[in-house]
Every structure is written in C-alpha cells, then in structure tokens.
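Just so you know, we're using the numbering used here here: the sequence shown kicks off at 7 and counts up by one.
Report on the structure given below.
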Amino acid sequence: MKLSSVPLFAVYLASCASIAQAFVGNKQRAVFKSTVKSSPFSYDIPPGMDEASIKKRADYEQPGASIRDMQNSCYEATRRAYDDGIKLMEVEFPPLALEILDSEGTGAYDVSCANFQLALRLANSFASELNVTILFPDDSEVRIVCEKVGSCGSDGQPLKNPLPGVNVGALRSNKGGLSFFGDFFMPLISNKDVTTDILSEYNADMYIFIGVSAQELVDVEQLHLVQPEKPFVFFNLKLDTLRGDLGTPAFPSKDLQYRFLSRVKPVYYLRPRAYTRSSPVPPFLVNFQGCLFRSYPGEYQSLLDTGTGKFRRVDARAIRPTLTEFKSDLERSLEEEGILAKESEGLQWARRGYAIKTWWEGEQENTSNEWRS
Numbered sequence: 007m008k009l010s011s012v013p014l015f016a017v018y019l020a021s022c023a024s025i026a027q028a029f030v031g032n033k034q035r036a037v038f039k040s041t042v043k044s045s046p047f048s049y050d051i052p053p054g055m056d057e058a059s060i061k062k063r064a065d066y067e068q069p070g071a072s073i074r075d076m077q078n079s080c081y082e083a084t085r086r087a088y089d090d091g092i093k094l095m096e097v098e099f100p101p102l103a104l105e106i107l108d109s110e111g112t113g114a115y116d117v118s119c120a121n122f123q124l125a126l127r128l129a130n131s132f133a134s135e136l137n138v139t140i141l142f143p144d145d146s147e148v149r150i151v152c153e154k155v156g157s158c159g160s161d162g163q164p165l166k167n168p169l170p171g172v173n174v175g176a177l178r179s180n181k182g183g184l185s186f187f188g189d190f191f192m193p194l195i196s197n198k199d200v201t202t203d204i205l206s207e208y209n210a211d212m213y214i215f216i217g218v219s220a221q222e223l224v225d226v227e228q229l230h231l232v233q234p235e236k237p238f239v240f241f242n243l244k245l246d247t248l249r250g251d252l253g254t255p256a257f258p259s260k261d262l263q264y265r266f267l268s269r270v271k272p273v274y275y276l277r278p279r280a281y282t283r284s285s286p287v288p289p290f291l292v293n294f295q296g297c298l299f300r301s302y303p304g305e306y307q308s309l310l311d312t313g314t315g316k317f318r319r320v321d322a323r324a325i326r327p328t329l330t331e332f333k334s335d336l337e338r339s340l341e342e343e344g345i346l347a348k349e350s351e352g353l354q355w356a357r358r359g360y361a362i363k364t365w366w367e368g369e370q371e372n373t374s375n376e377w378r379s
C-alpha cells in the first residue's frame, strides 16, 4: 500500500467546499442564516433491527464521508444510547473539515458557530418528543454566536426558541448586565449554584452543552446532581483536552474526572491523528494518519487512512485504547506491509518513553469506566 498525501477525510473535505469558502475566503457569515432556520432535519434510521445486528453494524461502521453522513451517524448513535437509558453522553467529531480547522483564518467563534449548527440539528431530531435545551457557558457566548449565525430576533436579541421544542440559553446568566470583568473573571471566582436559574427558566428533557470549558464543567456537574434522570450530551467539548487541564492552577481538581467525567460515555467519537516516524531507508520520514472511531454500541476502531478518502480497520477493542495503543495499532499495520521497518523493543521504548498513559487514562479505584467502555 502506498500512502499518498491526500489529507484525512478527502471526501469529507469536498463536501465542505461551500463552508470552506465562507470561513477561509470572504467570511460571509450569512451562510449560516439559511441553515439555522431550515427544517425539517431528516435522518435515515434503518428500520427495525435486532440488537445483535445493530451491534455488528456499529462494530464495522466507517466515519461518514460527508457532513450529512456524519450527522446521520451521530444522531443514530445518540438515539441508541438514549434508548438504552444512558444519561451522560459524549459526542466528538470535527465540526469542520480539518483543513479549515487548521487554517489561520478560522477563529474560535467560527468553530463555535459550526458546532451550534450541528447541535441544532441534533436537538431538532429529538424535539418531536422532548424539550431540548442547548446551553452555552454564558450570555455573551450566546449573543456572539447567535449574531454570527443570524439567529436573532427583530430586536437584535438571540432567539430563545430558534426551532419548535428547542431552547437556547446559558449556564451562567448575567441578567444584571454584561461586563468584561463579569464575563471573564466571575466563572473563576464565583461559587454560585447555577441550577436554580436554569431550572426556573427551562423545562428541559435533554441538555446539549457546547463551548463549555473545564471551569464550567463544575456547573454541568451541579445541574446533573439536581437532575440525574435527564440526558446530557457533551457536544464537541474536546473532553480529552479539558481533562488534561484538571489539577492545574485556576482549574478544577482532578477529582472532577474521577467522580463525574469518568461517567460520560462516548457514543459518537471520532478523533483523527497524524504521525511521523523516521525510517533507516528512503524516504527516511514516513507520514501516516488515521482515526480512533466509535459509534455506540460498537467497538473502538483503530482506522488507518489509506490516502484515498477511505479507512482500513486495523484493530478494534471493547475498551477504549490509549493514544499510545492507537498509534501502535497503525504502526503495526504499516510494519506488516513493509512500509515501516520493524523496531526492537528497546528502540520502541526509547521512542515511546516511560509514560504511555495520561493520568486520566490510568486505572483508579472506585471510579467509573463508562468513559472508556
């Protein structure tokens, strides 16, 4: 197999061409306005399948080749998890093509706007039977994103009900007015219980969280403790990155992972990774990439990008592998094909180092394993 330079998700990139022009080209924010208000959002759910068939299909599912495909798969996986009674669900996949995400012209709010569009579609798919609330960290985030996507009323205020059965709000509401000090510093120093305001304003049957940082995860935990029976969807929050911040100054302690985040189950998880490894023979440096992928209730698949817009399944596990294990899966496959030279255990150890797990990937007594199952 010859690894080409075709970027990851080549077909996916093609389907994102119109969005790419909006973000990288002339920044026409109006591209969102039609998508915010378009309805209905349809999903192609396979007709009645038994549990064994659903599990087998999910075990071998491939990442979507287009935005619509990924939305369909995300909803199907979330729907299956919801039907199985799972209350804490993680959804993680690139909201835009990787070339756009890595572009200097793409800012944090561009990503937030894309996530808001995707979250609206997911919320709308449940809205016929549930009252769904999408929660941002604070009012300023709601205002900025809604202004950019054109989801504001004639008075210029964000629409609280952009779609039937879908509400949009904030974890921390500054009803007394917004200020730089309040927006930036108050989440760090305030111990305010946010649940009272949220429960009084929204009669939600499901919550979807977007744009939440490590500090605000404590607020999400408070809300879950008050409403443990309500499903929570952690939507493209990059929880792995947020876990790494825990325990550092001005961030919550690592105990947040042990008591709360460890209970969040990945139901649709797509994490692309790119690597480079040196070789003693030409071309001396070999670039390869792939993704760790899971669609509930399927296994965690280690998928190698073949450079043709498709992936090859090189391994699968019922328990989520560490990133070191995932990389080793890809390398082993390339070694078997002769693309990479096999290394001795000593050289592997020198390349890998002593620590092969992050602190939160290690085993911990009296901690849930939902995050990896």
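The beta carbon of each residue, even a glycine, is placed where N, CA and C say it ideally should be.
Within the DSSP secondary-structure output, Q307 pairs in a beta bridge with F299, A322. When DSSP reads this structure, G175 sits in a beta bridge with L141.
Along the length of the stretch 241–297, whole alpha helix (DSSP H) runs at least 4 residues long occupy 245–251, 261–265, reported in chain order. Within the same chain, Cβ atoms closer than 6 Å to the Cβ of P303 are found at K61, A64, the five residues on either side in sequence being excluded.
Boundaries for L169: no beta strand (DSSP E) harbours it, and the DSSP string shows neither H nor E there.
Look at M76 here: in three-state DSSP terms it is helix.
Approximately 12 Å separates the beta-carbon atoms of E98 and K271; this is outside 8 Å, ruling out the contact.
By the criterion of at least three beta-carbon pairs nearer than 8 Å, the stretch 82–96 is in contact with the stretch 235–247.
If you check the CB distance, V320 and S308 come in under 8 Å. Residues L252, G253, W365, W366 of the same chain have their beta carbon placed closer than 8 Å to that of K260, with the five preceding and five following residues left out of the count. A straight-line Cα-Cα distance of about 22 Å links P327 and K348.
For the stretch 63–110, the continuous beta strand (DSSP E) assignments of 3+ residues that do not extend past its boundaries occur at 94–98, in sequence order. About 17 Å separates the CB atoms of V232 and L262; that is not less than 8 Å, and the two are not in contact.
The C-alpha of D211 lies about 16 Å from the C-alpha of T202.
When Cβ pairs closer than 8 Å are counted between the two stretches, the stretch 288–305 is seen not to touch the stretch 116–124, the count staying below three. DSSP, read as helix, strand or coil, puts I216 in coil. Inclusion of A133 and P170 in the CB contact set at 8 Å is warranted, their separation being smaller than that value.
Check the Cα spacing between F299 and each of R318, G313, I106: the tightest is with R318. Just so you know, the alpha carbons of G313 and I106 end up roughly 19 Å apart. The bridge partners DSSP lists for C158 are P164. A straight line joining the alpha-carbon of R277 with that of R378 spans about 14 Å. Nearest C-alpha to N78 among Y274, G368, A322, E341: Y274.
Rounded to whole angstroms, the separation of the alpha carbons of G111 and P69 is 26 Å. Sorting V151, S268, E227, P164 by C-alpha distance to the C-alpha of D246 places S268 at the top. Distance from the CA atom of L141 to the CA atom of Q221, rounded to whole angstroms, is 15 Å.
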